[in-house]
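Participant: Residue numbers (numbering that gives the first Met the number 0), protein chains in the order written: chain R, 0 to 174; chain E, 0 to 174.
Number of protein chains: 2
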Amino acid sequence: MSGPNDLNNDDIASAPVYQAPEPDEDLDFPLVELFFFAYRDFIADADGMLEEYGFGRAHHRVLHFVNRRPGMVVAELLDILRITKQSLGPVLRQLVESGHLVQIAGPEDRRQRLLYPTQKGRNLSIQLTQMQSRRIKGAIEGIKNSDRESIRDFLFGMIEPDERELVNGLMEQDK
Amino acid sequence: MSGPNDLNNDDIASAPVYQAPEPDEDLDFPLVELFFFAYRDFIADADGMLEEYGFGRAHHRVLHFVNRRPGMVVAELLDILRITKQSLGPVLRQLVESGHLVQIAGPEDRRQRLLYPTQKGRNLSIQLTQMQSRRIKGAIEGIKNSDRESIRDFLFGMIEPDERELVNGLMEQDK
DNA sequence: GTGTTATGTCAACCGTCCTGACCTAATTGC
DNA sequence: GCAATTAGGTCAGGACGGTTGACATAACAC
């Protein structure tokens, strides 16, 4: 039944697979990989500028959303970023110490800390968004059927359905 | 010239900015934010499945590219992922120990370690890519002007120009 | 045989997240 | 008015995924 040259179970399990995956309509390799590379380079734009301040990506995200929605409270920020207050803490402190953000006690509920950018924080945030917008603009310009709405719809469709309401709220100002 | 109620320089620097940024054609907030949220949820799909194996995103990326290009050498992987061999080391070791990958000495140059998936590694990689492809498919279906080429072109345009050759090479198989 | 290349490994460090526990101040409910 | 809850902050300890620098080994190139 089984000769000396047969593979036993261990051999089969550890055998290399030499072929690349077959084309399959359930496997969209091009778009999966392009999304990965595109995001990598999209993020890299900002990283360089942030490094000058000793900031990382966490600082970038906080700076961005506070600028977008001045007067945001800490709880809202935690909700958007989906991190814990323990991990937000140091990032927020550094941004306040560096003079990019200020915290103001809430006028009605004085437990709340309303978050505002300073002019310095606004300037940095705008600069970062400009870099990223420039890359997006360049990418759209290179397309034949340059349909900005299609791309917006595509990206929106990539968001988890439960989350779309939250994101829509954030976008209410401009579309 | 300056009365007691005027702001001095320190006050100006630390003054909160109350207004949201003005609309500006150089600031594409919607697409910048949608790209952020879309990538976050795109990645989250896989995270859950990876957790069952005690793997993180680094494992995912290695698993993906080795499956895409069986026989890849370590140096190629480092080049694609843009990380150091010191940080790749433990990830690779874990994937070999768990039986998802195997390393085989290069047939010509025996210093090289050719990386292959096992059937187990292939299965996991396919499963992960299927999840992500499903989300992309859903996003495309929701668009009126459902132009797959536009989206591919857009994402390609987002990649750093110097990098596009490398990515194109990776895609040579299917577009 | 010497120099270079492909890979691996040790050590120390950083950023960004986590959980759990605890604190203050302010608001709310009864 | 007092107790419970809420908003926020903080300390401790740990995990992961990355970094740099230095060094080791094996194999190839000339």
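Each residue gets a CB set at the ideal place from its N, CA and C atoms; glycine is no exception.
Everything numeric in this text was worked out from a predicted model, so none of it was measured.
Under the rule that 16 or more other beta-carbon atoms within 10 Å means buried, what is Q131(R), buried or exposed?
Facilitator: Buried.
Participant: Taking C-alpha atoms, which residue in L30(R), R56(R) and P20(R) lies nearest to R68(E)?
Facilitator: P20(R)
Participant: Can you say whether A14(R) is buried or exposed, counting buried as having 16 or more other CB atoms within 10 angstroms of its CB?
Facilitator: exposed
Participant: What residue ranges within the stretch 15-72 of chain R form continuous alpha helix (DSSP H) runs of no fewer than 4 residues, ordered along the chain?
Facilitator: 28-50 and 56-67
Participant: To the nearest angstrom, how far is the alpha carbon of T139(E) from that of F28(E)?
Facilitator: The displayed chain sequence assigns Ile, not Thr, to residue 139(E). Inter-residue distance for I139(E) and F28(E) is about 21 Å (C-alpha atoms, whole angstroms).
Participant: Do you know offhand how far V90(R)'s Cα is from G105(E)'s?
Facilitator: Each residue's alpha carbon lies about 47 Å from the other.
Participant: Curious, which full-length beta strand (DSSP E) runs of at least 3 residues does the stretch 80-146 of chain R contain?
Facilitator: 100-104 and 112-116
Participant: Using a Cβ distance threshold of 8 Å, determine whether the stretch 138-152 of chain R contacts the stretch 159-170 of chain E, with at least three qualifying pairs required.
Facilitator: no
Participant: Out of curiosity, what's the CA-to-CA distance linking P22(R) and L169(E)?
Facilitator: 15 Å
Participant: Taking the alpha helix (DSSP H) that E164(R) belongs to, which residues open and close that run?
Facilitator: Residue range R163 to M170 is occupied by the alpha helix (DSSP H) that includes E164(R).
Participant: Any heavy atom of the ligand MN closer than 6 Å to the Cβ of E148(E)?
Facilitator: This structure lacks the ligand MN, and indeed carries no ligand of any kind.
Participant: Within 7 Å (strictly less), CB to CB, does E96(R) reach chain E?
Facilitator: no
Participant: Helix, strand or coil: how does DSSP classify E75(R) here?
Facilitator: helix
Participant: Does any residue of chain E bring its CB to less than 7 Å from the CB of R109(R)?
Facilitator: no
Participant: How long is the line joining the alpha carbons of S149(R) and I135(E), rounded to whole angstroms?
Facilitator: 13 Å
Participant: Counting only Cβ pairs nearer than 8 Å, list the residues of chain E close to P116(R).
Facilitator: Taking the beta carbon of P116(R) as reference, the chain E residues within 8 Å of it are P15 and V16, listed in sequence order.
Participant: Enumerate in chain order the residues of its own chain whose CB-to-CB distance from V61(E) is below 8 Å, with the five nearest sequence positions on each side excluded.
Facilitator: If you ignore the 5 residues before and after V61(E), its C-beta comes within less than 8 Å of the C-beta of L76, L80, L87, V90, L91, L94 and L100, all in its own chain and listed in chain order.
Participant: Which chain E residues sit within Cβ distance under 9 Å of L91(R)?
Facilitator: Within 9 Å Cβ-Cβ: nothing; L91(R) doesn't reach chain E, min ~15 Å.
Participant: Just tell me which of L114(E), G98(E), G53(E) and I82(E) has its CA closest to the CA of A12(R).
Facilitator: G98(E)
Participant: On the premise that A37(R) lies in contact with I158(E), defined as a C-beta separation below 8 Å, what is that separation, rounded to the nearest angstrom?
Facilitator: 6 Å
Participant: Relative to chain R, which residues along the stretch 145-168 of chain E have a C-beta separation below 7 Å, given in chain order?
Facilitator: D146, S149, I150, R151, D152, F153, L154, F155, G156, M157, I158, E159, E162 and V166
Participant: In chain R, which residues lie less than 7 Å from L33(E) when you measure between Cβ atoms?
Facilitator: Chain-ordered, the chain R residues with CB closer than 7 Å to the CB of L33(E) read R151, L154 and F155.
Participant: Quick one, are the C-beta atoms of P116(E) and V16(R) less than 7 Å apart?
Facilitator: yes
Participant: Do F155(R) and L154(E) have their beta-carbon atoms positioned less than 7 Å apart in this structure?
Facilitator: Taking 7 Å as the Cβ cut-off, L154(E) and F155(R) do not qualify as a contacting pair.
Participant: Ignore the nearest five residues each way along the sequence and tell me which others in F54(R)'s own chain have a CB closer than 7 Å to its CB.
Facilitator: none
Participant: Report the three-state DSSP secondary structure of E159(E) (helix, strand or coil).
Facilitator: coil
Participant: Is DSSP giving S13(R) helix, strand or coil here?
Facilitator: coil
Participant: Hey, is P29(E)'s beta-carbon within less than 7 Å of any beta-carbon in chain R?
Facilitator: yes
Participant: For E227(E), is the classification buried or exposed, using 16 other Cβ atoms within 10 angstroms of its Cβ as the cut-off for buried?
Facilitator: Look at the range of chain E in this structure, 0 to 174, and you will see that residue 227(E) is not part of it.
Participant: Cβ closer than 7 Å: which chain R residues qualify as neighbours of G137(E)?
Facilitator: Those within 7 Å of G137(E) in chain R are G156.
Participant: In whole angstroms, what is the alpha-carbon distance linking V31(E) and D40(E)?
Facilitator: One C-alpha to the other measures close to 15 Å.
Participant: Please return the same chain residues whose Cβ sits closer than 7 Å to the Cβ of R121(R), not counting the five positions on each side in sequence.
Facilitator: N66
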